[in-house]
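Asks: Before I ask anything, here is the structure I am working with.
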Amino acid sequence: MLTLDLFAGTDPQVRDALRIRETVFVQEQGVPLDLEIDDYDGIAWHVLAREDDQAVATARLISLDASRVKIGRVATLPAHRGKGIASKLVRLLMEYARREGFAEAVLDSQLDAMPLYEKLGFVAEGQIFMDADIPHRRMTRKLEGI
Numbered sequence: 068m069l070t071l072d073l074f075a076g077t078d079p080q081v082r083d084a085l086r087i088r089e090t091v092f093v094q095e096q097g098v099p100l101d102l103e104i105d106d107y108d109g110i111a112w113h114v115l116a117r118e119d120d121q122a123v124a125t126a127r128l129i130s131l132d133a134s135r136v137k138i139g140r141v142a143t144l145p146a147h148r149g150k151g152i153a154s155k156l157v158r159l160l161m162e163y164a165r166r167e168g169f170a171e172a173v174l175d176s177q178l179d180a181m182p183l184y185e186k187l188g189f190v191a192e193g194q195i196f197m198d199a200d201i202p203h204r205r206m207t208r209k210l211e212g213i
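Under my numbering, read the sequence shown as residues 68 to 213, first letter to last.
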C-alpha cells in the first residue's frame with residue numbers, strides 16, 4: 068500500500084528523503100552531493116512516498132514569495148518508477164500550496180521529465196538551461212482549480 072507523508076524539513080523523516088535523492092541524483096545521475104543537499108532542505112516542506120513501509124519517492128516545496136512556490140527534488144527509486152508515484156507527490160504539494168494561499172507553482176524540469184509535468188498542467192517557458200550539467204527547462208502552473 069502506498070502512503071504519502073508531508074512534513075517539515077526539521078522532521079526526522081527528511082533523512083529518508085535525502086537518501087532517495089542521493090541514490091537518484093548523486094549515484095544515478097552524477098550530481099555532486101554538495102549541489103544536491105542544500106540549505107533549503109531545512110526550511111522546505113517535503114513529501115515522502117512509502118510502499119509497504121519502504122521509502123520509495125520524495126519531492127520538496129519551497130516558498131519563493133507571497134504567491135509562488137517552487138517544487139523540486141522530485142525523485143523516485145528506479146524499481147518504483149512508472150507507477151504514477153511522482154505525479155501523486157507533485158499533486159499533493161500543489162494542493163497543499165493552494166490551501167496555504169499560493170497562486171502559482173514553478174519547477175525546473177529535466178527535459179526527459181517534462182511530459183510528466185505537462186500532464187499535471189505545467190507549461191514550459193524560457194530557454195533550456197544547464198543545472199548540474201543536466202539540461203532543464205522552467206515550467207509553471209497556476210494553482211487555481213486543483
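We put the beta carbon where it would ideally sit given N, CA and C, even for glycine.
What ranges does the beta strand (DSSP E) occupy inside the region 109–172, keeping only unbroken runs of at least 3 residues that lie completely in it?
Replies: 112–118, 121–130, 135–143
Asks: On the CB-based measure, 16 or more other CB atoms within 10 Å of its CB, does F169 come out buried or exposed?
Replies: buried
Asks: Which same chain residues end up closer than 7 Å to L160 when comparing Cβ atoms and leaving out the 5 residues on each side of it in sequence?
Replies: V114, A126, L128, I138
Asks: Which two residues bound the contiguous beta strand (DSSP E) that contains A191?
Replies: 190–198
Asks: In the DSSP assignment, find the unbroken alpha helix (DSSP H) run with M181 in it and report its ends.
Replies: 181–186
Asks: Is I201 helix, strand or coil when you go by DSSP?
Replies: I201: strand per DSSP, three-state reduction.
Asks: Considering only C-alpha positions, which residue in the set V123, T77, G76, I110 is nearest to R88?
Replies: V123
Asks: At what residues does the alpha helix (DSSP H) containing D78 begin and finish?
Replies: Segment: none, D78 is in no alpha helix (DSSP H) and carries neither H nor E.
Asks: On the DSSP bridge assignment, give the partners of M206 in chain order.
Replies: L174, A191
Asks: Within 10 angstroms of the Cβ of A116, are there 16 or more other Cβ atoms? Answer buried if so, exposed if not.
Replies: buried
Asks: Using alpha carbons as the reference points, say which of L187, E171, T90, E95 lies closest to S134.
Replies: E171
Asks: Mark L174 as exposed unless 16 or more other C-beta atoms lie within 10 angstroms of its C-beta, in which case mark it buried.
Replies: Buried, since its Cβ has 16 or more Cβ neighbours within 10 Å.
Asks: Would you kindly work out how many angstroms separate the C-alpha atoms of Q220 and R205, rounded to a whole number?
Replies: There is simply no residue 220 to check, as the chain begins at 68 and stops at 213 in what is shown.
Asks: What is the residue span of the alpha helix (DSSP H) that E103 lies within?
Replies: 100–103
Asks: By Cβ distance below 7 Å, which residues in the same chain neighbour L73 in space, the five residues on each side in sequence not counted?
Replies: W112, V114, L159, Y163
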